[in-house]
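Asks:
Listed below in structure tokens is the structure:
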């Protein structure tokens with residue numbers, strides 16, 4: 001009996017330990033290993049940092065050539081002082097990983113289509129299907145090519161290798177107690193970092209910025225609506241805006257455009273449920289004003305890239321100092337170097353220079369085995385790549401992706417397409433070998449305009465508008481990327497993949513890209529608008545170009561003199577809604593006030609007295625945006641056809657058509673028997689939005705609908721765990737200079753004054769340096785960012801210069 | 001009195017082990033003290049010793065920080081307040097400690 005009792009008790013104890021030491025999935029909800037996770041000696045509690053947390057004074061690392069000093073300032077921004085490049089990038093890798101390891105790895109997993117290895121397949125296989133999409137778009141295929149290009153470039157190669165070594169040194173130092181929070185929560189271990197992951201991160205950025213296209217949508221539109229309508233709804237260039245560079249008649253080079261015009265395929269309808277595009281409102285602002293417009297007489301350069309806002313933040317601020325380099329700015333955790341920032345003589349920033357960099361080619365297979373396809377009158381072998389998904393808690397999943405001369409075939413009857421007869425291969429610029437790492441390597445060391453130009457020659461994709469200013473007084477803009485030379489209308493529609501001459505045969509030479517230096521207006525600026533005046537000889541098309549921010553920015557810059565950095569901060573936070581100024585009076589004039597309900601009368605009143613600022617407390621902004629959000633789907637209901645991918649015209653063109661073609665057949669709402677014109681649809685959207693506002697106010701027991709409350713912006717955790725996200729109240733919106741929509745917005749705001757006495761930088765981003773949700777520095781910059789505040793950033797020449805702004809200093813000592 | 005000695009012994013020995021061992025070292029400590037210092041409420045001694053040890057240490061960490069991670073983790077577990085997270089944590093550690101101490105004492109009886 002006693003033995004029996006003992007055995008029962010022993011089994012209970014051991015069983016309990018087993019259960020609490022392992023992760024369980026109950027009804028698709030994963031439960032972390034509770035004993036391990038909740039243990040205050042090693043579990044998640046150890047990720048909670050004390051208020052006055054300081055890092056170690058010294059660490060011994062065996063990958064160093066010499067000792068390195070890292071000063072962490074009061075924002076926990078590291079200032080790395082190394083005696084050579086090898087140690088510099090090793091230290092950058094090590095220090096970045098210390099703050100951001102989990103994010104770095106998760107983002108590369110996401111790029112490579114490996115999220116389901118961590119999370120499991122997810123509800124309705126959400127994560128697995130996401131992963132399949134990433135593999136089918138050839139993300140790893142592109143990253144491999146980028147790595148191949150690296151092997152010819154010693155400087156860039158060493159940079160990547162030492163950075164990788166530094167990250168791995170940190171990974172090797174970890175035990176369960178020191179593991180970042182998310183690994184504990186999800187119960188897995190980091191794997192070794194590789195150079196491929198660095199390349200994947202750049203491809204990840206390329207995917208955000210340059211994977212957009214409308215070929216399939218335009219092909220369908222052509223079939224359904226005809227040429228005339230396609231030109232009306234989707235013009236290549238909208239009659240609006242200041243181009244980034246205006247130099248009419250100044251493009252004095254001869255160009256060779258291939259003369260054969262590859263036309264759209266025999267008209268056809270393509271039934272594909274396309275992968276969701278990256279947010280079309282993703283964009284950015286940058287500008288530089290010359291010294292004769294500023295109070296100090298020195299140029300000021302500004303930049304705010306607009307991206308999906310997450311925690312941990314997308315950017316990691318850092319200073320890199322070694323012989324030949326002294327640079328300050330923001331880096332992408334997982335990539336060496338600084339992406340946006342300044343050296344001690346120049347500054348630069350980036351905005352997306354979108355252009356059509358994607359083509360779709362129709363493939364004719366020999367038979368149903370799809371082993372061969374037609375190319376230049378020959379049957380060519382298809383490459384079949386078997387993608388393996390080690391889905392957590394599930395058996396291994398395999399997916400076959402077909403590769404052709406053009407690239408992968410993402411959609412087939414196994415993935416988002418129900419038509420097994422038609423196949424389209426995906427050609428994307430970012431699949432090609434290129435060496436952006438070296439571009440940043442050189443940019444981080446550039447001393448003047450010539451150095452900047454030389455660095456950019458290495459930059460292919462994703463194309464960006466690089467704004468520039470130097471201490472010596474130059475300002476410049478360069479629209480840089482590897483742009484295929486296009487025949488007119490080429491790339492707008494799906495192409496015939498059986499002829500290799502239908503592909504990109506040449507690229508615009510770097511020196512013929514759009515650029516300018518010290519223009520007479522005294523400033524350069526870009527905000528994702530159409531890049532150049534109409535005399536530029538190359539054909540340009542893209543999914544869409546920005547129509548509002550650019551004009552507002554140029555307007556304000558034109559009016560300013562004696563500019564102070566504070567004026568620039570004010571402009572970055574500017575909430576003026578130019579789109580509303582141009583559309584609201586017209587919308588209001590279309591309303592029939594005799595039929596107004598009480599709520600509608602009230603809405604009309606609010607809207608007609610609104611000052612067009614999307615400020616936090618503005619009620620007019622809420623009513624206007626709700627109206628617009630109801631109007632678009634009502635107007636373009638024709639674009640939501642079952643199974644056929646189509647695309648709504650742009651915001652600017654929609655407003656233009658409403659004014660100029662009120663009787664356009666598209667404005668008729670298909671689901672109603674009566675025939676609507678612009679006027680009726682505007683009225684219907686007004687009524688619907690007013691009802692929506694009333695419901696919102698009731699649900700939130702608010703008497704008014706302040707814009708920040710109604711917009712309810714949200715900075716989510718990368719893993720989409722609701723309790724780890726933060727709701728914030730801000731003004732702005734897409735199409736506004738302060739481009740903060742609900743989840744997208746200025747991911748980094750930077751102002752740099754290039755004064756002769758030394759460069760001054762101010763910056764802020766919505767998050768913090770630490771990726772640890774248990775750290776004070778996880779989101780310490782969020783509130784200042786919300787309130788439009790900036791931090792003056794330390795730009796040191798010696799570690800000792802930091803004075804009282806040092807949080808702590810860590811000496812990385814060479815292991816003897 | 002025996003109970004108090006056993007409680008204190010489990011508390012200190014498991015604290016010591018926890019500094020360099022994985023979380024389940026608490027079971028080892030409780031088991032040994034259950035065996036060596038058998039009381040008339042072995043389970044309770046093990047349970048409360050570990051519960052108290054974990055509560056106190058977690059509280060120390062939490063009160064010394066401006067981070068609200070404990071609150072957020074509570075929310076991740078669908079708990080309204082972090083107090084509940086503390087109680088669940090105490091129960092998790094406590095049950096292991098309790099059963100381990102009980103097992104130790106039962107071995108002694110053999």
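Chains as they are written, first to last, in my numbering: chain A, 1 to 816; chain B, 1 to 110. Glycine is no exception: its CB is placed at the ideal position from the N, C-alpha and C atoms.
Quick check on this structure: which residue in A/397, A/534, A/808 has the alpha carbon closest to the alpha carbon of residue 249 of chain A?
Replies: Closest by alpha carbon: A/534.
Asks: Would residue 41 of chain B pass as an interface residue toward chain A - the criterion being a Cβ-Cβ separation below 8 Å?
Replies: no
Asks: To the nearest angstrom, how far is it from the Cα of residue 297 of chain A to the Cα of residue 747 of chain A?
Replies: 29 Å
Asks: Does residue 5 of chain A have its Cβ less than 8 Å from a Cβ in chain B?
Replies: yes
Asks: Looking only at its own chain, which residues have a Cβ that is under 7 Å from the Cβ of residue 575 of chain A, when we skip the five neighbours before and after it?
Replies: 613, 614, 615, 731, 732, 736, 738
Asks: Could you list which residues in chain A have their beta carbon closer than 7 Å to that of residue 92 of chain B, in chain order?
Replies: 20, 34, 35, 38
Asks: Between the Cα of residue 424 of chain A and the Cα atoms of A/810, A/770, A/432, A/411, which residue gives the shortest distance?
Replies: Closest option to residue 424 of chain A, Cα to Cα, is A/411.
Asks: Hey, residue 543 of chain A and residue 213 of chain A are a contact pair by Cβ (cut 8 Å); roughly how many whole angstroms apart?
Replies: Contact between residue 543 of chain A and residue 213 of chain A holds: CB atoms are separated by about 6 Å, below the 8 Å threshold.
Asks: Kindly list, in the order they appear in chain A, the residues whose Cβ is closer than 8 Å to that of residue 96 of chain B.
Replies: 13, 16, 17, 20, 35
Asks: Counting C-beta neighbours from all protein chains within 10 Å, is the total for residue 376 of chain A 16 or more, i.e. buried, or is it exposed?
Replies: Counting every other CB atom within 10 Å of its CB across the protein chains shown gives residue 376 of chain A a total below 16, marking it as exposed.
Asks: Would you kindly report the start and end of the unbroken beta strand (DSSP E) that includes residue 477 of chain A?
Replies: Looking at the DSSP string, the run of the beta strand (DSSP E) that includes residue 477 of chain A is 475 to 480.
Asks: Let's see if you can read the secondary structure: which residues bound the alpha helix (DSSP H) around residue 140 of chain A?
Replies: Element bounds for residue 140 of chain A: 139 to 150.
Asks: Relative to the C-alpha of residue 153 of chain A, which residue among A/706, A/175, A/458 is closest?
Replies: A/458
Asks: For residue 430 of chain A, which residues from the same chain have a beta carbon less than 7 Å from its beta carbon, with the 5 sequence-adjacent residues on both sides left out?
Replies: Answer for residue 430 of chain A: 142, 203, 206, 210, 461, 462, listed in chain order.
Asks: Enumerate in chain order the residues of its own chain whose CB-to-CB distance from residue 31 of chain A is below 6 Å, with the five nearest sequence positions on each side excluded.
Replies: 24
Asks: I need the boundaries of the beta strand (DSSP E) containing residue 515 of chain A, first residue and last residue.
Replies: Judged by DSSP secondary structure, residue 515 of chain A falls within the beta strand (DSSP E) whose first and last residues are 515 to 517.
Asks: List the residues of chain B that residue 41 of chain A touches, going by C-beta distances under 8 Å, in chain order.
Replies: Listed by position along chain B, the residues whose Cβ is nearer than 8 Å to that of residue 41 of chain A are 18, 19, 23, 57.
Asks: Quick check: residue 752 of chain A and residue 784 of chain A, are their CB atoms within less than 8 Å of each other?
Replies: no
Asks: Please list, in chain order, the residues of the segment 40 to 64 of chain A that have any C-beta partner in chain B closer than 8 Å.
Replies: Hits within the stretch, in order: 40, 41, 42, 43, 44, 45, 46, 47, 48, 49, 50, 51.
Asks: How about residue 475 of chain A and residue 518 of chain A: are their beta carbons less than 8 Å apart?
Replies: yes
Asks: Taking 8 Å as the threshold (beta carbon to beta carbon), is residue 99 of chain B in contact with chain A?
Replies: Closer than 8 Å to some Cβ of chain A, the Cβ of residue 99 of chain B qualifies, so yes.
Asks: Taking Cβ positions only, does residue 89 of chain B come closer than 8 Å to chain A?
Replies: yes
Asks: Can you list, in chain order, the residues of its chain with a C-beta nearer than 7 Å to that of residue 269 of chain A? Leave out the 5 residues immediately preceding and following it.
Replies: Setting aside the 5 residues that flank it on each side, residue 269 of chain A is surrounded in the same chain by 220, 223, 644, each with a C-beta closer than 7 Å to its C-beta; the list follows chain order.
Asks: Taking residue 119 of chain A as the reference, which of A/158, A/160, A/178, A/187 has the closest Cα?
Replies: Closest by alpha carbon: A/187.
Asks: Can you give me the C-alpha to C-alpha distance between residue 604 of chain A and residue 285 of chain A, rounded to a whole angstrom?
Replies: 33 Å
Asks: Determine the closest residue to residue 642 of chain A out of A/794, A/185, A/273, A/527, with distance taken between C-alpha atoms.
Replies: A/273
Asks: Could you give the first and the last residue of the continuous alpha helix (DSSP H) run that contains residue 244 of chain A?
Replies: Per DSSP, residue 244 of chain A belongs to no alpha helix (DSSP H) and is neither H nor E.
Asks: Return the CA-CA distance between residue 179 of chain A and residue 719 of chain A, expressed in angstroms with no decimal places.
Replies: 17 Å
Asks: Step through the CB atoms of chain B and report whether any lies within less than 8 Å of the CB of residue 776 of chain A.
Replies: Yes, contact with chain B.
Asks: Restricting to Cα atoms, I'd like to know which of A/393, A/762, A/503, A/402 is closest to residue 370 of chain A.
Replies: A/402
Asks: Tell me the rounded alpha-carbon separation between residue 239 of chain A and residue 526 of chain A.
Replies: 17 Å
Asks: Within 10 angstroms of the Cβ of residue 201 of chain A, are there 16 or more other Cβ atoms? Answer buried if so, exposed if not.
Replies: Residue 201 of chain A is classed as buried because its beta carbon has at least 16 other beta carbons within 10 Å across all chains shown.
Asks: At least one CB of chain A closer than 8 Å to the CB of residue 103 of chain B: is that the case?
Replies: Chain A contact via Cβ: present.
Asks: What number of angstroms, rounded off, separates the C-alpha of residue 275 of chain A from the C-alpha of residue 632 of chain A?
Replies: 21 Å
Asks: Between the segment 743 to 773 of chain A and chain B, which residues of the former have CB atoms less than 7 Å from a CB of the latter, in chain order?
Replies: Listed by position along the chain: 773.
Asks: Determine, using beta carbons only, whether residue 4 of chain B comes closer than 8 Å to chain A.
Replies: no
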